[in-house]
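Input: a single structure, listed below in structure tokens.
In my numbering, the protein residues as written are 25 to 121.
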């Protein structure tokens with residue numbers, strides 16, 4: 025069963041690249057292709073994590089999740105926007121003072 029899931033993770037990772045490029049080739053914005061790529065890469069990482077229960081696999085999956093969240097947030101918010109947690113801290117400091 026582990027071989028099937030491992031092969032599925034590899035297949036999904038390959039599809040992530042192919043479909044990300046396909047989305048851009050169809051004329052959609054590059055950020056749409058990046059979203060498709062990152063979502064499928066996250067799925068591949070989670071499948072790989074289901075098979076390998078090592079700290080390296082957990083770290084890899086966590087890194088993919090973090091990169092996906094940061095990139096998606098930057099694409100949605102724009103390059104000049106501050107992260108949402110910075111505004112929350114500033115508001116909390118203002119309330120305390």
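Ideal placement from N, C-alpha and C gives every residue a C-beta, glycine not left out. Everything numeric in this text was worked out from a predicted model, so none of it was measured.
>> Three Cβ pairs or more, each shorter than 8 angstroms: is that satisfied between the segment 77-84 and the segment 57-66?
In response: no
>> Let's test the definition: count the other Cβ atoms within 10 Å of the Cβ of residue 36 and tell me whether it reaches 16, buried, or not, exposed.
In response: buried
> Roughly how many angstroms lie between the CA atoms of residue 25 and residue 75, to the nearest whole one?
Replying inline: 9 angstroms
> How is the alpha helix (DSSP H) around residue 32 delimited, first residue to last?
Replying inline: 26-49
> If residue 85 sits next to residue 40, beta carbons under 8 angstroms apart, how far is it from one beta carbon to the other, in whole angstroms?
Replying inline: About 14 angstroms separates the two Cβ atoms, so there is no contact after all.
> Cβ atoms of residue 92 and residue 66: under 8 angstroms apart, would you say?
Replying inline: yes
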